[in-house]
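In the numbering used here, the protein residues as written are 107 to 528.
Glycine included, C-beta positions come from ideal geometry on N, C-alpha and C.
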Amino acid sequence: MENKKQLNVYENVCRQFNQAADRMNLDFEIRKILSKTMNEISVNFPVKMDDGRIEMFTGYRVQHNNVLGPFKGGLRFHPAVDIHEVRALATWMTWKSAIMDIPFGGAKGGIQFDPRKYSRNELERITRRFTFALGCNIGPEYDIPAPDVNTNAQIMAWMLDTYASTMPAHVRQACTHVVTGKPVEAGGSIGRDKATGQGVVFTIVQWAKDTRFDLNGATYSVQGFGNVGSWASRLLKSYGATLIAVEDATGAIQSNDGLDPDILTSYVNDTGGVKDFPGSKKVEHAEFFTTSVDIFIPAALENQITAATAPGLNVKLIAEGANGPTDPDGDRILQEKGINVLPDILCNAGGVIVSYFEWLQNKRSEFWDLVEVDGKLYKKIISGYHRVRETAQEFKMDWRTAAYIVALRRLEKVYKDRGIFP
Ligand code: NAD
Numbered sequence: 107m108e109n110k111k112q113l114n115v116y117e118n119v120c121r122q123f124n125q126a127a128d129r130m131n132l133d134f135e136i137r138k139i140l141s142k143t144m145n146e147i148s149v150n151f152p153v154k155m156d157d158g159r160i161e162m163f164t165g166y167r168v169q170h171n172n173v174l175g176p177f178k179g180g181l182r183f184h185p186a187v188d189i190h191e192v193r194a195l196a197t198w199m200t201w202k203s204a205i206m207d208i209p210f211g212g213a214k215g216g217i218q219f220d221p222r223k224y225s226r227n228e229l230e231r232i233t234r235r236f237t238f239a240l241g242c243n244i245g246p247e248y249d250i251p252a253p254d255v256n257t258n259a260q261i262m263a264w265m266l267d268t269y270a271s272t273m274p275a276h277v278r279q280a281c282t283h284v285v286t287g288k289p290v291e292a293g294g295s296i297g298r299d300k301a302t303g304q305g306v307v308f309t310i311v312q313w314a315k316d317t318r319f320d321l322n323g324a325t326y327s328v329q330g331f332g333n334v335g336s337w338a339s340r341l342l343k344s345y346g347a348t349l350i351a352v353e354d355a356t357g358a359i360q361s362n363d364g365l366d367p368d369i370l371t372s373y374v375n376d377t378g379g380v381k382d383f384p385g386s387k388k389v390e391h392a393e394f395f396t397t398s399v400d401i402f403i404p405a406a407l408e409n410q411i412t413a414a415t416a417p418g419l420n421v422k423l424i425a426e427g428a429n430g431p432t433d434p435d436g437d438r439i440l441q442e443k444g445i446n447v448l449p450d451i452l453c454n455a456g457g458v459i460v461s462y463f464e465w466l467q468n469k470r471s472e473f474w475d476l477v478e479v480d481g482k483l484y485k486k487i488i489s490g491y492h493r494v495r496e497t498a499q500e501f502k503m504d505w506r507t508a509a510y511i512v513a514l515r516r517l518e519k520v521y522k523d524r525g526i527f528p
């Protein structure tokens, strides 16, 4: 995978936004509001390393919009994190919540560093100092972080503990919903771990129904085998589809006989990546991208499907588990080639939907079972799917622009109803 960014990813968001705003004639004044982020917090903070040294870190939290509800979005630990990336990811979160009709706004955050180079104790101190540095810029009714690339339930537990510890004793119990994606025992929701991959698979299954495509016997490839990629792979297997190729940060592998996603998940948990998975052959990045499969699930980073890679893709459907995997040039080529796309702000919304369920359960001191969580997730994401499909038919356009229009219509209506203070 190309590690350096070809384009400033925020420019992609602006191009997508302007295209949709033009097509739907978005109110000129509301367009001005939505084309900017509301708040951009940047913090530099010191952390004590295991050997006694102090290291300085830079972290971000960008809050794009909260007209529909509290800011909501993940936190990423990665060397490529910068203000442009976080701005883009925050903006996509606003659209995602609006499409899914959940009462959240959009935000995103991250720390620019490679967590693989730090011990567990150092990661804990980095997480806690970042949470402390953010202070009241996050809060259970204000801005609610969640896991993203290289962050997980453990990181969320440390964030919750740090945030609550800085609050007066009598309000600490009311802080559980300051983050979502927590361990179940610490107030997390059953089903949150798999929620994004589950949502990806629910939308693929619906697409297959609509296009009369038989998933039994279908083939798929996945880029990124972390939370989203591994769950989507495992869940798709149960429909009779075969995983042919996988790429992650350690390399790319392929097997025409199929890779077992359950065994591969255990292998990745043990070894840290897909490299040298028994029974697979190593392939180069370019070969991975041109592998012929029915469904490709990008579930790693942004700007992967571009003018350079899109021409070689030999697939029927791209189901975007990652945020922003396709840039506008890549999108144009996919349309020319007639490849269907389930766009990120629809396809990977399962994470924020179940985060919303976790937030509700915490507020009400409830615990829902998996049947309830999955049933409600299915209903929400498939309603969003239908809204996007109907809008694409109404405007005779691609699904990404249609998804934007669903979101922008909702936001436009709320701004018109509420007006602008003062
Ligand atoms: P993760 O950290 O669990 O996994 C990331 C995967 O990407 C790993 O397999 C890693 O090896 C791979 N990767 C990293 N750099 C790579 C490179 N240079 N080449 C190839 N692969 C590389 O992260 P995740 O939570 O699964 O998130 C993956 C994507 O899904 C991101 O775009 C994220 O924003 C998006 N997403 C995540 C959630 C969620 O709930 N976790 C929700 C919505 C969207």
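- Message: Three or more C-beta pairs under 8 Å: does that hold for the segment 473–485 against the segment 501–515?
- Response: Taking 8 Å as the limit for Cβ pairs, the verdict is that the segment 501–515 does not touch the segment 473–485.
- Task: Specify the secondary structure class of residue 161 as computed by DSSP and reduced to three states.
- Result: Mapped onto the sequence shown, residue 161 falls at position 55. Strand at residue 161.
- Message: Using a Cβ-Cβ cutoff of less than 8 Å, which residues in the same chain neighbour residue 133 once the five nearest sequence positions on both sides are dropped?
- Response: Sequence index remark: in the sequence shown, residue 133 carries index 27 (1-based). Scanning its chain for C-beta atoms nearer than 8 Å, with the 5 sequence neighbours on each side dropped, one finds around residue 133 the residues 518, 521, 522, in chain order.
- Task: For residue 502, name the three-state secondary structure that DSSP assigns.
- Result: By 1-based counting over the sequence shown, the position of residue 502 is 396. Residue 502: coil per DSSP, three-state reduction.
- Message: In the DSSP assignment, the alpha helix (DSSP H) including residue 339 goes from what residue to what residue?
- Response: Start at 1 with the first residue of the sequence shown, and residue 339 comes out as number 233. It spans 333–343 - the alpha helix (DSSP H) in which residue 339 sits, taken as one unbroken run.
- How should residue 328 be labelled, buried or exposed, when 16 other C-beta atoms within 10 angstroms of its C-beta is the threshold for buried? Locating residue 328 in the sequence shown gives position 222, where the first residue counts as 1. Counting every other CB atom within 10 Å of its CB across the protein chains shown gives residue 328 a total of 16 or more, marking it as buried.
- Spatial distance of residue 446 from residue 425 (CA atoms): Indexing the sequence shown from 1 puts residue 446 at position 340. Indexing the sequence shown from 1 puts residue 425 at position 319. Taking the straight line from one Cα to the other gives about 9 Å.
- Close Cβ partners of residue 228 (< 8 Å) along its chain, the five nearest in sequence each way excluded: On the sequence shown, position 122 is the one that residue 228 refers to. Cβ neighbours of residue 228 beyond the five flanking positions: 153, 155, 156.
- Would the C-beta of residue 425 count as close to the ligand SAM, meaning under 8 Å from any of its heavy atoms? For the ligand SAM, the structure offers nothing, since it holds only the ligand NAD.
- Specify, as a first and last residue, the run of the beta strand (DSSP E) that residue 349 falls within. Position 243 of the sequence shown, counted from the start, is the residue given in the question as residue 349. Annotation: the continuous beta strand (DSSP E) that includes residue 349 extends over 348–354.
- When burial is assigned at 16 or more other CB atoms within 10 Å of the CB, is residue 109 buried or exposed? The residue given as residue 109 occupies position 3 in the sequence shown. Only weak support exists for where residue 109 lies, its pLDDT of 42 falling under 50; the coordinates are left without a value.
- Query: Taking buried to mean at least 16 other C-beta atoms within 10 Å of its own C-beta, is residue 117 buried or exposed?
  - Reply: Translated into positions along the sequence shown, residue 117 becomes position 11. Classification of residue 117: exposed, given that the 10 Å Cβ count is below 16.
- Proximity of residue 427 and residue 314 at Cβ, strictly below 9 Å: Along the sequence shown, one-based indexing puts residue 427 at 321. Along the sequence shown, one-based indexing puts residue 314 at 208. With respect to the 9 Å criterion, residue 427 and residue 314 are not classified as neighbours on the basis of their beta carbons.
- Message: Count Cβ pairs between the segment 293–310 and the segment 452–463 that sit closer than 8 Å; are there 3 or more?
- Response: Yes: the two stretches touch, three or more of their Cβ pairs being nearer than 8 Å.
- Task: Could you tell me whether the Cβ atoms of residue 359 and residue 383 are closer together than 9 Å?
- Result: Here residue 359 refers to the residue found at position 253 when the sequence shown is read from its first residue. Here residue 383 refers to the residue found at position 277 when the sequence shown is read from its first residue. Yes, these two residues count as a Cβ contact at 9 Å.
- Under the three-state reduction of DSSP, which class applies to residue 271: helix, strand or coil? Working through the sequence shown from its first residue, we reach residue 271 at position 165. Of the three classes helix, strand and coil, the one that applies to residue 271 here is helix, per DSSP.
- Item | 6 Å Cβ shell around residue 257 - same chain, five flanking residues per side excluded | Against the sequence shown, residue 257 aligns to sequence position 151. Excluding positions up to five away in sequence, the list reads 181, 183.
- Query: Is the CB-CB distance between residue 334 and residue 306 below 9 Å?
  - Reply: Numbered from 1 along the sequence shown, position 228 holds the residue referred to as residue 334. Numbered from 1 along the sequence shown, position 200 holds the residue referred to as residue 306. Note that the C-beta distance between residue 334 and residue 306 is below 9 Å.
- C-alpha distance - residue 112 paired with residue 274, whole-angstrom precision: As a position in the sequence shown, residue 112 is number 6, starting the count at 1. As a position in the sequence shown, residue 274 is number 168, starting the count at 1. Model confidence at residue 112 stands at a pLDDT of 48, short of 50, so the residue's coordinates are unreliable; what they give is reported in the following sentence. Their backbone Cα atoms lie some 46 Å apart in a straight line.
- Item | Spatial distance of residue 419 from residue 479 (CA atoms) | For the purposes of this step, residue 419 is identified with residue 313 of the sequence shown, where counting begins at 1. For the purposes of this step, residue 479 is identified with residue 373 of the sequence shown, where counting begins at 1. Cα to Cα, residue 419 sits roughly 35 Å from residue 479.
- Could you give the residue range of the beta strand (DSSP E) that holds residue 148? Position 42 of the sequence shown holds residue 148. Membership of residue 148 in the beta strand (DSSP E) is indicated by the continuous run 145–154.
- Please name the residue, chosen from 252, 254, 272, that lies closest to residue 238 on a Cα-to-Cα basis. Counting from one through the sequence shown, the residue named residue 238 turns up at place 132. The residue with the shortest Cα to Cα distance from residue 238 is 272.
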